[in-house]
Amino acid sequence: MSARFDNLHDWLRWQETLHPEEIELGLARIAAVFQRLQASSFSCPVITIAGTNGKGSSLRMLESIYLAEGYRTCVYSSPHLLRYNERIRINGEEAADADIVAAFARIDAARADISLTYFEFGTLAALDIFMRQQVDVVLLEVGLGGRLDAVNIIDADVALLTAISLDHTDWLGEDREAIGYEKAGILRSGKPTVCSDPDLPQSVQAHAGKLDCPLYRLGYEFDFKSSAAGWCWYEHEGQSLDLPPPGLQGAHQYRNAAGVLMALTLLQSRLPVAREAIRRGLLATRLPGRFQRVAGQPLSEPSSGRLSWIYDVAHNPDSVQQLAHMLAEEQQTGRTFALLGMLADKDSRTALKYIHSQITDWHIAPLNSRRSEKPENLRDIIHSLGCSPVSLHTSVAQAWEAIERRAESGDRIVVFGSFYTVSEAMVVAQAHGQRI
């Protein structure tokens, strides 16, 4: 039977139409198709990462360190910003269109009458591609929750839980205990679990106890101390490491890095990593859309006077609060413009309450998603916080161009509120010559 499509664009456009619900939780369908693909478990170590914030950063740190040590890595993450291929990485490089298309064709043939979501197709494609590689370690990022997420058909040798806070409450529960229980679904009996959230929900601890999982918690079994010059990671009854600041900015990245180092330590007997590789890997870690600074015009002036664009995917109260702290730490003399777009299911009022004092000029746009919050609703929230001026636009592109016309040297522009906001803005930025 010939393949349904011969290019990635058509495959993805078709997958987006498969289900009226964008998120359909449950493992029965994807597990059945995985079995039909005659896929087996990985012989190498697998680390699965779940959490509300910090998953992507932790994943990239792990990947960067293992690559610095010379290991062959396979990485699955979501969502993407500019190219679908970003989701599937082999040895630090994005998977080729042809490999993803071939995987989709195999999955489509194997599934027969079983329906799959967009995310399930992508997860199966990543696993199918990884099974065909000579690989030393597989790193998997949960898309939503954990217990019923497609990634959870794979048993992890180490589970890494990052910061747990309120997000996707319609799907995961209304409080941290309920959300923590869903995240803890990636735990496996007798396998170690690392938690980089210092305020770990009791539901996670209870589930770990039920499964007899060794639990390694930030502030208990391991911890860190940071200073302007660097930081020290240590186990409470073991080794310590003195390291330079991570390549990713922000105080929260020390917590992410601490969890990463604990996970590395637990696999040290199978995947030895030298201190120098840890140092180089952390320094080299980069992740688009995480306080990503891009210089704007005029480039002929000193860097202190340049127009500065900051792209950050912060989209829930905790991540927006972290973004606000990072903005406050800068010595900013010019104006700060915000290009804002959010999804309607987010707690936008709480998020904007954290950051409104850092913004002087607001530009709001709808997102290319049926879940987009109406710009008028965001404007009303901002006005209720005592902020002005606020400009509404018909698209992210229009907002981006309006800001570029108004901003001057020494100003900074913060693009945030959603992965969609950052993705759409980056497309416009590239068209205007920015090097993203």
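Start counting the sequence shown at 1; every next residue gets the next number (UniProt numbering).
For glycine and all other residues, C-beta sits at the position ideal for the given N, C-alpha and C.
Quick caveat: nothing in here was measured; it's all calculated off a predicted structure.
Distance from the Cα of residue 318 is smallest, within the candidate group 103, 176, 405, 100, for 176. Excluding its 5 nearest sequence neighbours in each direction, residue 11 has C-beta neighbours in its own chain below 7 Å: 5, 101, 104, listed in chain order.
Taken through DSSP and simplified to helix, strand or coil, residue 363 comes out as strand.
Unbroken alpha helix (DSSP H) stretches of 4 residues or longer found wholly inside the segment 3-63: 8-15, 28-36, given in chain order.
Per DSSP, the beta bridge partners of residue 413 are 309, 337. Boundaries of the beta strand (DSSP E) harbouring residue 216: 215-217, taken from the DSSP string. Residue environment for residue 64: buried (at least 16 other C-beta atoms within 10 angstroms of its C-beta). Per DSSP, residue 194 is one residue of the beta strand (DSSP E) stretching across 193-195. When C-alpha distances from residue 151 are compared across 193, 48, 222, 180, the shortest belongs to 48.
When 394, 291, 348, 211 are compared, the shortest CA-CA separation from residue 56 is found for 291. Collapsing the DSSP output to three states places residue 202 in a helix. Residues of the same chain with a CB within less than 7 Å of the CB of residue 31, apart from the 5 flanking positions on each side, are 153 in chain order. By alpha-carbon distance to residue 221, the top candidate from 259, 409, 242 is 259. In this structure, the alpha-carbon of residue 157 lies about 21 Å from that of residue 38. By the CB criterion at 8 Å, residue 356 and residue 402 fall outside the cutoff. Annotation for residue 275: 241 place their beta carbon closer than 7 Å to its own, counting only its chain and skipping 5 residues before and after. Residue 52 is positioned such that its CB atom lies closer than 8 Å to that of residue 165.
Judged by DSSP in its simplified three-state form, residue 142 adopts coil rather than helix or strand. Between the alpha carbons of residue 294 and residue 34 lies a distance of about 41 Å.
Contact between residue 314 and residue 322 holds, since their C-beta atoms are separated by about 7 Å, short of 8 Å. The alpha-carbon separation between residue 99 and residue 127 amounts to approximately 12 Å. Around residue 198, the same chain offers 218, 219 as residues with beta carbons nearer than 6 Å, after the five sequence neighbours per side are excluded.
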